[in-house]
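Engineer: Numbering (numbering that gives the first Met the number 0), first residue to last: 0 to 277.
I'd like to ask some things about the structure below.
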Amino acid sequence: MKKIFYIALFGLFGLNVSAQISPDFGGLGLQLSSNQQLIEDAVKDGIFILKQSYQIKDVATTPPTYYRWGDNPHMGTVYTVGIKAADGFYTCSKALSPWNYDKRYEQYRKVATYLPVISETSYRPLDSAKYAAMTFSADSSIFAVDSSIIHLKTGLFERKGFREDYSPGAKAGWLVWIASDKNIAEADAVHISLTIYKTELRYEAGKNRYEVKKPAVAGKVIIGGLYLVPEVTGIGEIVFKLAGFAHKLAGRWNVVVPAASQAAARQVGLTPIKTKDN
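Okay, here's the thing in structure tokens:
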């Protein structure tokens, strides 16, 4: 998904281009102003809310018995932010094991025949309260940033997602904070808003965490974010490239950066053991 400003069109519609672009255009010093909505419109379709639910499977019975919590269709549910990329999407690793973030599961954790299993995966755009079903396969995921962010390959979004740039060096970009009016677990159709701050970072080789200040979003709950860096790709065109994710670590917000290349991220799965005989 190309995220492009067509600057030439701004003047045609009477917008104040000078408010969007600073005199230091060579440094891509785009400034947020009353026209901040333009930036939001350019990136919001690359962000969605992922809803991941699970049930408990009792393998001691034939066929297995599945358990939910009370009258709920599932045992528990977690919500994460999804970021579209060219070959899939990124999300918080809690989507792999929602039961590890559910206090109700603790009393059943030691029951050997009780296995937690994903029961439903769905997603919704930021500007819609309606969820659509999504196929989720842990086998298609890799850990992109330590154990905090995962990347899943899928053709669901038809290869329409952010281009990526995690190269070392100075970055003059924006932190796009994603916030809800209240805890999304209390009402999964809650309104989602974006708050954007100009943020300059310097990426260093071998470093994948950069602490940033918590944004001023009074009365809202921050549920995630992403770091975007602009790149001029042609006359009147600027592409926003994904350069990191806002993630809370030990009570502090950081921009975390995936491996230098996706191929470098280690696949989680079976690994053959070499012996003297092979």
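Each residue gets a CB set at the ideal place from its N, CA and C atoms; glycine is no exception.
None of these values were measured; they are calculated from a predicted model.
Who pairs with W252 in a beta bridge, going by DSSP?
Structural biologist: K247
Engineer: Check whether the Cβ atoms of F156 and I149 sit closer than 7 angstroms, and answer yes or no.
Structural biologist: no
Engineer: How about the region 119 to 126 and the region 59 to 68: do they share at least three Cβ pairs that are nearer than 8 angstroms?
Structural biologist: no
Engineer: Quick one: using the 10 Å Cβ neighbour count with 16 as the cut-off for buried, is A217 buried or exposed?
Structural biologist: exposed
Engineer: Please name the residue in D187, H246, I234 whose C-alpha comes closest to that of L49.
Structural biologist: D187
Engineer: Could you have a look at K102 and say whether DSSP puts it in helix, strand or coil?
Structural biologist: helix
Engineer: Rounded to the nearest angstrom, what separates F87 and D126 at their Cα positions?
Structural biologist: Rather than Phe, the amino acid found at residue 87 in this sequence is Gly. Looking at the two C-alpha atoms, the distance is approximately 20 angstroms.
Engineer: Which of the three DSSP states, helix, strand or coil, is assigned to V231?
Structural biologist: strand
Engineer: Does DSSP classify I141 as helix, strand or coil?
Structural biologist: strand
Engineer: Determine the burial state of P257: buried for a count of at least 16 other Cβ atoms within 10 Å of its Cβ, exposed for fewer.
Structural biologist: buried
Engineer: Is H73 near S52, with beta carbons less than 7 angstroms apart?
Structural biologist: yes
Engineer: Specify the secondary structure class of P257 as computed by DSSP and reduced to three states.
Structural biologist: P257: coil per DSSP, three-state reduction.
Engineer: Do you know how far the Cα of A215 is from the Cα of D180?
Structural biologist: 14 angstroms
Engineer: Just tell me which of N253, I195, R251 has its CA closest to the CA of L37.
Structural biologist: I195
Engineer: What residue from G243, R251, K247 has the CA that sits closest to K83's CA?
Structural biologist: Taking K83 as reference, the option from G243, R251, K247 with the minimal CA-CA separation is G243.
Engineer: For P62, does the three-state DSSP call read helix, strand or coil?
Structural biologist: coil
Engineer: Return the chain-ordered list of same chain residues with a C-beta closer than 6 angstroms to the C-beta of A128, the five sequence neighbours on each side being excluded.
Structural biologist: A188
Engineer: For V238 versus H246, is the C-beta distance shorter than 7 angstroms?
Structural biologist: no
Engineer: What residue range does the alpha helix (DSSP H) around L37 cover?
Structural biologist: Its alpha helix (DSSP H) spans residues 35 to 42.
Engineer: State yes or no: is the C-beta of G250 within less than 7 angstroms of the C-beta of W176?
Structural biologist: no
Engineer: Could you give the residue range of the beta strand (DSSP E) that holds F156?
Structural biologist: Looking at the DSSP string, F156 is not in any beta strand (DSSP E), and its letter there is neither H nor E.
Engineer: Which residues mark the beginning and the end of the beta strand (DSSP E) in which D118 is found?
Structural biologist: According to the sequence shown, residue 118 is Ser rather than Asp. Where S118 is concerned, the enclosing beta strand (DSSP E) stretches over 113 to 124.
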